[in-house]
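Encoded as structure tokens, the structure appears first; notes follow it.
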Amino acid sequence: MALSPVITIDGPSGSGKGTLCQMLARELGWHLLDSGALYRIVGLAAQKQQVSFDDEAALAELAAHLDVEFRAGIEGEPSTVWLDGEDISDQVRSESTGELASKVAVFNAVREALKDLQRDFAKAPGLIADGRDMGTVIFTDAAVKIFLIASAEERASRRYKQLISKGESVNLAALLKDIQKRDERDMNRAVAPLRPADDAVVIDSTAVAIEDVFNQVLARVSSALELSS
1024 MALSPVITID
1034 GPSGSGKGTL
1044 CQMLARELGW
1054 HLLDSGALYR
1064 IVGLAAQKQQ
1074 VSFDDEAALA
1084 ELAAHLDVEF
1094 RAGIEGEPST
1104 VWLDGEDISD
1114 QVRSESTGEL
1124 ASKVAVFNAV
1134 REALKDLQRD
1144 FAKAPGLIAD
1154 GRDMGTVIFT
1164 DAAVKIFLIA
1174 SAEERASRRY
1184 KQLISKGESV
1194 NLAALLKDIQ
1204 KRDERDMNRA
1214 VAPLRPADDA
1224 VVIDSTAVAI
1234 EDVFNQVLAR
1244 VSSALELSS
């Protein structure tokens, strides 16, 4: 196990990972890592510092030295993202930033730099790591590994309700199709495919309240920490 305990929560988008990770971080008082936001943050930082999106070496150097922090939000609110002491949460979640992320994610040097950066998040008293390959690639020695799943239909429904609540016009059937395509792509990609680690606990949240998932995971975390002490 790492010197500071790490709990990895992997799984597809919409499975409830983000909410679960925030609940655990608040309960335990641990650090939080939202690995899925890192490429967006690199894109924003590159834009801010006027680093060329064609300069792989410069982008990798930037990624390796990001001063980024994730903070669990209050109950019912998303986590906040801080870069160089500035709250960039809204910028990170914008559509335009997603386009920046796609520009930097194509470079292997950036991916490698972010691996080291992510591992640096493992500090006392502990880390809750949210992602897709946290347990299989980044923190292979994590104290507890959770792989959270939910049916594509349920995840599409959750996303639909979320977007409708924001006043956006969306089509449920189109959302479901997009999620199914993304699942297929993520599970069959050559590098770090979306799959549970061999020693991960798989939890299906389709018909389970997030509070019940939280209690189940917290019990496993408590047990693992007792055994390692």
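Okay, so the sequence shown: first residue is 1024 according to our numbering, each after it adds one.
For each residue, glycine too, the CB sits at the ideal point set by N, CA and C.
Values in this document were obtained by computation on a predicted structure and should not be read as measured data.
Residue range 1175-1188 is occupied by the alpha helix (DSSP H) that includes residue 1184, with no beta strand (DSSP E) assigned at that position. By the beta-carbon neighbour count (other beta carbons within 10 angstroms, threshold 16), residue 1110 is exposed. Remark: C-beta atoms of residue 1173 and residue 1031 do not approach each other more closely than 7 Å.
Residue 1144 is positioned such that its CB atom lies no closer than 7 Å to that of residue 1223.
The straight-line gap separating the alpha-carbon atoms of residue 1044 and residue 1251 is approximately 21 Å. In the DSSP assignment, residue 1204 falls within the unbroken alpha helix (DSSP H) covering 1195-1211.
Taking 4 residues as the minimum length, the alpha helix (DSSP H) runs contained wholly in the segment 1090-1123 are 1112-1115, in order along the chain. In this model, residue 1051 and residue 1235 are separated by some 17 Å (Cα to Cα).
Distance from the CA of residue 1200 to the CA of residue 1249, rounded to the nearest whole angstrom, comes to 43 Å. In this structure, residue 1086 lies near residue 1136, with their beta-carbon atoms less than 7 Å apart.
Judged by beta-carbon spacing, residue 1160 lies beyond the 7 Å limit of residue 1244, meaning their Cβ atoms are not closer than that value.
Short of 7 Å from the beta carbon of residue 1181, and not among the five residues preceding or following it, lie these beta carbons of its own chain, in chain order: 1037. Under the DSSP definition of a beta bridge, residue 1133 lacks any partner. For residue 1168, the pairing in a beta bridge is given by DSSP as 1031.
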